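All remarks here apply to the structure that follows.
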Amino acid sequence: MKFFVDKNGYYNEFGGTFIPEMLYNNIKELQCNYKKIIQTSIFKKKFKDILQNYAGRPTPLFFCKKYSEKYKAKIYLKREDLNHTGSHKINNTIGQTLLAKKLGKKTIIAETGAGQHGVATSTICALMNLKCIIFMGKKDMNRQLSNVIKMKSLGAQVMPVINGEQTLKDAVNDAIRYWINNPESYYLIGSTVGPHPYPQMVADFQSIISEEIKIQLKKKEGRHFPNYVIACIGGGSNAAGAFYHFLDKKLVNLIAVEAAGLGVHTKKTAATTYCGSKGILHGSKTLLLQDKDGQVLPAYSISAGLDYPGIGPMHANLFLKKRVNFLHATDEEAIKSGIELIRSEGIIPALESAHALVALKKIIFNRDDIVILNLSGRGDKDMDVYQKFISYE
């Protein structure tokens, strides 16, 4: 696969390993062992068994009749929201937790924005009897309270982060600080960000999404490859999983939708490819929001899961190589699209996924195009935002 990482941890000019010296042994341990472990038949069998019998895979590929009529194409939703814990995040947490146990780790630490990765990590740690510590920005804890309650109920210790903007970036910063002081723990990163090998490792575990799409599409349409695959993007885990098995198939148009927040010209945005530039963020070289002195700028989105100032290095490379077309959606556009799905198809999407739905309004399809939209999570946690908007209608 030409768009995957090289032996030095780079996607062309992006990626790499930019870490404090204190973390060198942890990263080296992962770099030396993760491929060897996940490629064994024992690991593959265990991973597949938990995905199927605990997480609930395969998730359905749902044909949207009303949407197909409205947008004049064959539109399918990949229902990652129907996974146990309500999002695609559990795919990666199962894989990394199995890996951590194989490496002899007893404590899992993780960061979370919308809380979906935190809930998925807490759930798997409960299943596998591991201590779990979740770092979460105080601002995100307030706007995703239901997921905080779930994490605590599952036995996780939720650490409020009061630094910076109190969002996902700051949660990652504090998780890294904790890891430096507690190197015996395992840092379970939830997106395709961080030092090598995390971006590729997360993409590997999320690749089950596009693997299933190919099989399911063959049964429904008699072909493995759609015309379009659409996903929202913050750090990039659900997009990586949805794109993975189509990256080398150039006939498949890959669309990533970033969070524009209040607009790309307002400085209240998370549209990294539009507003960002090359730099170092959380251990790898990528595209990020920064000032002229290289200081990371605060991101903004109504969606806590997309409120992050960078994208993973894999996606930065895909952007620069023009393999993926990046669009952006404002808060208002995302909310309106989310409500449209609720009322048209009876499905409540997470605010993150609602950003991907905006792409349907911005692309002119051919009538026989097959469009796959990855519905990355469910929107129970976002009902207060939807309710506020509905009350003003």
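Residue numbers for the sequence shown follow the numbering used here, so the first one is -16 and each next one is one higher.
A virtual CB, placed ideally from N, CA and C, is assigned to each residue, including glycine.
All values derive from a computational prediction rather than experimental measurement.
So what's residue i in DSSP terms, helix, strand or just coil?
i        : result
Pro182   : helix
Thr152   : Checking the displayed sequence, the identity of residue 152 turns out to be Lys instead of Thr. Three-state DSSP puts Lys152 in a helix.
Leu237   : strand
Gly224   : helix
Asn9     : helix
Ile132   : helix
Phe372   : helix
Thr68    : coil
Asn(-9)  : coil
Cys47    : coil
Ser327   : helix
Ser174   : coil
Val341   : coil
Phe(-14) : coil
Gln79    : helix
Ser320   : helix
Ile159   : helix
Lys61    : strand
Gln278   : coil
Gly295   : coil
Lys251   : strand
Ile25    : helix
Gln35    : helix
Ser193   : helix
Leu113   : coil
Asn349   : coil
Ala56    : coil
Gly218   : coil
Ser284   : coil
Asp367   : helix
Gly147   : coil
Asp290   : coil
What residues are listed by DSSP as bridge partners for residue i?
i      : result
Arg361 : Pro332
Phe118 : Glu94, Met142
His311 : Glu241
Cys258 : Cys258 is not bridged to any residue.
Tyr211 : Asn236, Val354
Tyr169 : Ile91
Lys268 : Gly(-2), Ile263
Gly246 : Lys251
Gln14  : For Gln14, which the question treats as bridged, DSSP gives no partner whatsoever.
Gln273 : Val279
Mind checking whether the beta-carbon of residue i lies closer than 7 angstroms to any heavy atom of the ligand NAD?
i     : result
Ser24 : Of the ligands one can find in the structure shown there are none, so the ligand NAD has no counterpart to examine.
Could you check how far apart the C-beta atoms of residue i and residue j are, in whole angstroms? I think they sit under 8 angstroms.
i      : j      : result
Thr175 : Gly219 : 4 angstroms
Asp352 : Tyr211 : 6 angstroms
Tyr50  : Glu328 : 7 angstroms
Thr42  : Leu6   : 34 angstroms between Cβ atoms; not a contact.
Val354 : Lys57  : 7 angstroms
Gly173 : His100 : 3 angstroms
Val393 : Val155 : Beyond the ends of the chain as shown, which are -16 and 376, falls residue 393; an answer cannot be given.
Leu200 : Leu44  : 7 angstroms
Asp290 : Ala253 : 6 angstroms
Ile10  : Pro178 : 6 angstroms
Ala83  : Tyr169 : 4 angstroms
Drop a sphere of 10 angstroms on the beta-carbon of residue i, count the other beta-carbons inside from all chains shown, and report buried for 16 or more, exposed for fewer.
i      : result
Pro209 : buried
Gly266 : buried
Ile373 : exposed
Ser70  : buried
Gln278 : exposed
Tyr227 : buried
Cys15  : exposed
Gly205 : exposed
Ile330 : buried
Leu234 : exposed
Lys345 : exposed
Lys152 : buried
Leu271 : buried
Ser189 : With the sequence shown as reference, residue 189 is identified as Gln, and Ser is not the correct amino acid for it. Counting Cβ neighbours within 10 Å, Gln189 comes out buried, since at least 16 surround it.
Asn157 : One point to set straight first is that residue 157 is Asp, not Asn, in the sequence displayed. So Asp157 ends up on the buried side.
Asn8   : exposed
Gln22  : exposed
Glu4   : exposed
Ile145 : exposed
Strictly under 8 angstroms for the Cβ-Cβ distance: is residue i near chain C by that measure?
i      : result
Ile196 : Given the protein chain composition of this structure (a single chain), no chain C is represented.
Quick one: any contact between the stretch 77 to 91 and the stretch 121 to 129, if contact means 3 or more CB pairs under 8 angstroms? no
Between the stretch 219 to 238 and the stretch 163 to 183, are three or more C-beta pairs nearer than 8 angstroms? yes
Is the number of C-beta pairs between the stretch 333 to 340 and the stretch 352 to 365 that are closer than 8 angstroms three or more? yes
Quick check: the stretch 304 to 319 against the stretch 32 to 45, are at least 3 beta-carbon pairs closer than 8 angstroms? Put simply, the stretch 32 to 45 does not touch the stretch 304 to 319. Fewer than three CB pairs are less than 8 angstroms apart.
For the 8 angstroms Cβ check, are there 3 or more pairs between the stretch 253 to 269 and the stretch 292 to 299? yes
Touch test, the stretch 283 to 290 against the stretch 232 to 251, Cβ-Cβ under 8 angstroms, three pairs minimum: yes
Does the stretch 77 to 87 come within contact of the stretch 364 to 371, defined as at least 3 CB pairs closer than 8 angstroms? no
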